[in-house]
Amino acid sequence: MSAVQLAFAGLLVSVILLQAILPAYRLLIVLAGAALSCGASAYLGLSSVGQLFREVPWEVLVILVALGLYAQNLADSRLFGLASVRITRAVKARPTGLLLLFALGTYFVSGVVNNLTALLVILPVLLSVFALVGVTRRFATWTLGVMLVACNLGGAATPIGDFPAVLLLGSGVMTFGQYVVAAAPPTFFALICLLLLVIVLVRPARDVRVTPANQRLTLAILSQIYRGVRVRWTLLGPGLLALALMLAGWLLVPASWGFTPELVCWIGAGVALLARPRHAEQLLRTKVDVEASLFLLAFFLMVGAVRGTGFFAQAAGAITQLPVSPGLQVMAFLVLAALLTGLFSAGPSMAALLEVAEALARDQPAEPIFVGLALSVCAGSSLFLTAATSGPLTQALVERAKLDDVQGNRIQFGFVNFLPVGLVSFCLILSVNLVRTWWVLSKA
Amino acid sequence: MRDGLDQAFKLASAELGMASASWLFAQEIDASEGEVGVARLRDALGRRWPVLDAVCAGWLDGARLPPVRTEGVLPHFRGLTRLVIVGLESRWLDRLLDCIGPELQIGILRHSEFTPDWERVQSNLGERITFLELSSFQSWAGSRSALLSFVYGAESGKSLFATSSWVRVSGPDTRTQFRDLIGWDVLGVPLSVYPRWLVAVPREQFTHLEAGV
Chain A
226 MSAVQLAFAG LLVSVILLQA ILPAYRLLIV LAGAALSCGA SAYLGLSSVG
276 QLFREVPWEV LVILVALGLY AQNLADSRLF GLASVRITRA VKARPTGLLL
326 LFALGTYFVS GVVNNLTALL VILPVLLSVF ALVGVTRRFA TWTLGVMLVA
376 CNLGGAATPI GDFPAVLLLG SGVMTFGQYV VAAAPPTFFA LICLLLLVIV
426 LVRPARDVRV TPANQRLTLA ILSQIYRGVR VRWTLLGPGL LALALMLAGW
476 LLVPASWGFT PELVCWIGAG VALLARPRHA EQLLRTKVDV EASLFLLAFF
526 LMVGAVRGTG FFAQAAGAIT QLPVSPGLQV MAFLVLAALL TGLFSAGPSM
576 AALLEVAEAL ARDQPAEPIF VGLALSVCAG SSLFLTAATS GPLTQALVER
626 AKLDDVQGNR IQFGFVNFLP VGLVSFCLIL SVNLVRTWWV LSKA
Chain B
47 MRDGLDQAFK LASAELGMAS ASWLFAQEID ASEGEVGVAR LRDALGRRWP
97 VLDAVCAGWL DGARLPPVRT EGVLPHFRGL TRLVIVGLES RWLDRLLDCI
147 GPELQIGILR HSEFTPDWER VQSNLGERIT FLELSSFQSW AGSRSALLSF
197 VYGAESGKSL FATSSWVRVS GPDTRTQFRD LIGWDVLGVP LSVYPRWLVA
247 VPREQFTHLE AGV
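Chains as they are written, first to last, in the working numbering: chain A, 226 to 669; chain B, 47 to 259.
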């Protein structure tokens with residue numbers, strides 16, 4: 226590798242590290258890093274700034290913004306909050322039932338809306354139920370942890386659930402249908418395995434004492450605090466219609482018509498928003514996720530600058546020159562991707578690693594590599610609380626709820642609390658991913 | 047009585063109000079454990095939650111969930127265009143909203159010692175409610191505006207108690223800015239332990255004091 230390649234890659238890694246160490250300044254750090262990369266690239270004559278901006282996958286940003294607005298609109302319909310209340314009633318506030326159904330519910334919701342929105346609509350209900358039922362710290366930690374992992378798995382199950390999959394859809398390497406067929410079964414299988422493992426072996430609910438009086442009281446209070454909350458059909462109806470249109474567009478419209486995934490998403494979100502123009506205007510002015518968009522734009526620019534040096538092609542070349550079979554080379558790449566995601570978080574890792582995956586996919590079947598990468602990123606996102614943006618959000622929501630356990634001790638949900646759940650989930654998801662990828666590669 | 051019930055009551059009283067939550071607790075515990083359970087509930091939580099203590103004591107003396115009475119307060123709303131409500135008591139608020147026509151604007155002070163989920167509170171009460179902040183509720187003042195506060199303990203004939211939010215809005219400057227200051231007693235049974243969370247206020251602070259039960 227040349228000094229220039231190492232310098233640009235080093236700058237990218239430094240920025241990734243620094244933003245992970247100082248999350249309060251992460252936007253400032255990545256934008257400064259992007260400016261430095263662009264400036265150095267232009268000065269050295271590798272790529273002009275215009276060239277770097279032209280290489281940014283804008284369609285991915287369009288999908289992210291449109292889906293973010295769509296998800297917010299759907300969340301405002303109150304559907305998910307009320308569904309969470311229904312779940313609690315259905316399991317009669319029994320702890321194991323809560324763990325099981327909330328994890329499954331989170332998985333399905335985060336397949337349709339982004340992870341942050343999914344947690345923002347589901348967690349407040351669950352935390353209220355925790356306060357009403359009276360839970361132990363152990364139960365709360367495992368339940369919240371499993372929910373976070375379910376959120377990551379749900380996000381990886383569809384191409385619209387989370388950023389890594391959106392990137393695959395937006396960059397055109399896979400169609401919507403191909404991705405769902407390939408990714409949904411292993412993510413759901415991993416979730417079921419995790420739930421079985423937690424419920425049967427860890428048994429976090431064993432210390433939670435639930436009496437019929439507890440259940441009755443919990444359900445009565447829950448009914449009262451949600452007594453007047455109704456689904457806003459004026460938001461939900463158009464939202465569901467838009468979702469049906471988007472799914473039809475992604476699955477059925479031929480590519481020759483020119484309706485690319487981002488255009489379908491843009492139109493779909495527009496249909497959902499137009500039904501309530503005033504609400505839509507408010508969302509557009511206040512709820513566009515500028516932070517995430519700028520963050521990813523900065524990374525795309527930095528990755529573009531590194532790509533201009535030929536670093537990624539050489540990194541992929543290094544993997545393909547490993548003295549093992551091509552299948553094992555892919556396995557090594559997937560393990561590395563999972564570990565890097567655990568350390569550096571999903572967005573930056575995926576943006577950089579997709580370049581390597583594309584290079585690897587030139588000589589090997591593309592589908593197992595891309596889906597494997599998405600699942601590895603999902604495993605890595607589940608390793609540490611800091612590896613995905615939904616982790617710190619959950620931590621903040623738990624802190625804000627000022628929840629006590631049955632002994633009156635404050636329930637904390639921090640890095641250390643999540644670690645056991647994270648380690649178990651990481652190993653499980655990565656194992657499922659490796660087995661599946663090996664199986665698909667061996668069939669090809 | 048199980049551990050952690052205190053937190054459940056705190057959550058319920060934050061969003062439903064202390065009187066509404068107390069009646070709900072007494073009713074549900076009685077349904078599953080009988081009066082023995084209500085007595086245990088009083089022993090466990092009564093000292094910390096005086097309104098619950100009063101309701102449990104009343105329940106053990108034979109009192110049951112009383113119907114909400116609005117006939118006392120409704121005549122005072124005649125001619126008003128704006129009503130600012132201080133405190134949350136879901137049973138009484140729901141009934142009041144059913145009785146008041148759309149011509150009267152209703153604002154609720156968004157202030158509580160506890161931390162209710164205000165978005166959920168808004169969803170329950172409907173879109174006609176406007177939340178007002180401590181810093182700006184006086185923009186609703188005027189000769190056709192009134193303040194209404196839920197009060198506790200009027201039954202005893204001695205002290206009268208209101209929430210700390212009421213103390214914050216009922217300063218001498220505010221009193222002259224509203225046509226009426228209405229106290230609406232929602233307890234109907236006497237308080238017998240030190241009224242934690244509540245503040246004693248003079249009866250004469252209110253232009254009208256009406257029974258809610």
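Note that the Cβ used here is the ideal one computed from N, Cα and C, for glycine as well.
8 Å Cβ cutoff met for residue i and residue j
i	j	result
Ala679/A	Glu79/B	Coverage of chain A is limited to positions 226 through 669, which leaves residue 679/A absent and any answer about it impossible.
Ser302/A	Val513/A	no
Phe401/A	Leu394/A	yes
Val235/B	Val101/B	yes
Thr579/A	Leu392/A	The displayed chain sequence assigns Leu, not Thr, to residue 579/A. The answer is yes: Cβ separation under 8 Å.
Ser169/B	Val454/A	yes
Phe196/B	Trp138/B	yes
Leu225/A	Leu369/A	No information on residue 225/A is available, as it lies outside the stretch 226 to 669 that chain A covers here.
Ala467/A	Tyr295/A	yes
Leu666/A	Gly552/A	yes
Val596/A	Tyr404/A	yes
Ala497/A	Pro463/A	yes
Leu460/A	Asn339/A	no
Leu628/A	Ile636/A	yes
Arg319/A	Val435/A	yes
Gly63/B	Val239/B	no
Arg227/B	Leu206/B	Arg is not the amino acid found at residue 227/B; the sequence shown has Leu there. Contact: no.
Gly386/A	Ser335/A	yes
Ala576/A	Leu521/A	yes
Straight-line gap, residue i to residue j (C-alpha atoms, nearest Å)
i	j	result
Ala543/A	Ala586/A	14 Å
Glu487/A	Gly322/A	38 Å
Leu565/A	Leu447/A	42 Å
Ser191/B	Glu256/B	18 Å
Phe355/A	Arg141/B	29 Å
Phe651/A	Met226/A	32 Å
Leu422/A	Val646/A	11 Å
Gly258/B	Ser615/A	46 Å
Cys263/A	Leu598/A	27 Å
Glu179/B	Leu155/B	6 Å
Thr412/A	Gly379/A	7 Å
Leu329/A	Ala408/A	16 Å
Leu419/A	Ile654/A	9 Å
Ala232/A	Leu247/A	22 Å
Arg86/B	Leu98/B	12 Å
Gln554/A	Ser606/A	22 Å
Leu57/B	Trp95/B	12 Å
Arg128/B	Val215/B	16 Å
Met399/A	Leu476/A	12 Å
Ser550/A	Phe333/A	37 Å
Beta-carbon neighbours of residue i, restricted to chain A and to distances below 7 Å
i	result
Leu62/B	Gln449, Ile450
Ser78/B	Pro437, Ala438, Arg441
Beta-carbon neighbours of residue i, restricted to chain B and to distances below 7 Å
i	result
Ala356/A	Gln53, Ala54, Leu57
Listed by chain order, chain B residues near residue i by CB distance under 8 Å
i	result
Glu353/A	Sequence inspection shows Ser at residue 353/A; the Glu mentioned does not correspond to that position. Chain B residues near Ser353/A: Leu57, Asp163.
Gly453/A	Asp140, Ser169, Asn170, Leu171, Gly172
Under 9 Å by beta carbon: chain B residues contacting residue i
i	result
Arg303/A	Ser169
Pro349/A	Asp163, Glu165, Arg166
Can you list, in chain order, the residues of the stretch 112-146 of chain B whose Cβ is nearer than 8 Å to any Cβ on chain A?
Ser136, Asp140
Within the stretch 361-438 of chain A, note down every full alpha helix (DSSP H) run reaching 4 residues or more, in order along the chain.
362-382, 388-395, 401-421
Can you list, in chain order, the residues of the stretch 156-173 of chain B whose Cβ is nearer than 8 Å to any Cβ on chain A?
Thr161, Asp163, Arg166, Ser169, Asn170, Leu171, Gly172
Against chain B, which members of the stretch 620-646 of chain A pass a CB distance test of less than 9 Å?
The residues in question are Arg625, Ala626, Lys627, Leu628, Asp629, Asp630, Val631, Gln632, Gly633.
Ignoring anything shorter than 3 residues or poking outside the stretch 169-247 of chain B, list the beta strand (DSSP E) runs there in chain order.
175-178, 188-198, 206-209, 224-231, 244-247
For the stretch 433-445 of chain A, enumerate the residues whose C-beta is nearer than 8 Å to any C-beta of chain B, in chain order.
Arg434, Thr436, Pro437, Ala438, Asn439, Arg441, Leu442, Thr443, Ala445
Give the residues from the stretch 69-100 of chain B that approach chain A closer than 9 Å (Cβ to any Cβ), ordered along the chain.
Leu70, Phe71, Gln73, Glu74, Ile75, Ala77, Ser78, Glu79, Gly83
With a floor of 3 residues, list each beta strand (DSSP E) that falls wholly inside the stretch 435-472 of chain A, ordered by position along the chain.
none
What runs of the alpha helix (DSSP H), each 4 residues or longer, lie entirely inside the stretch 229-285 of chain A?
251-268, 274-279
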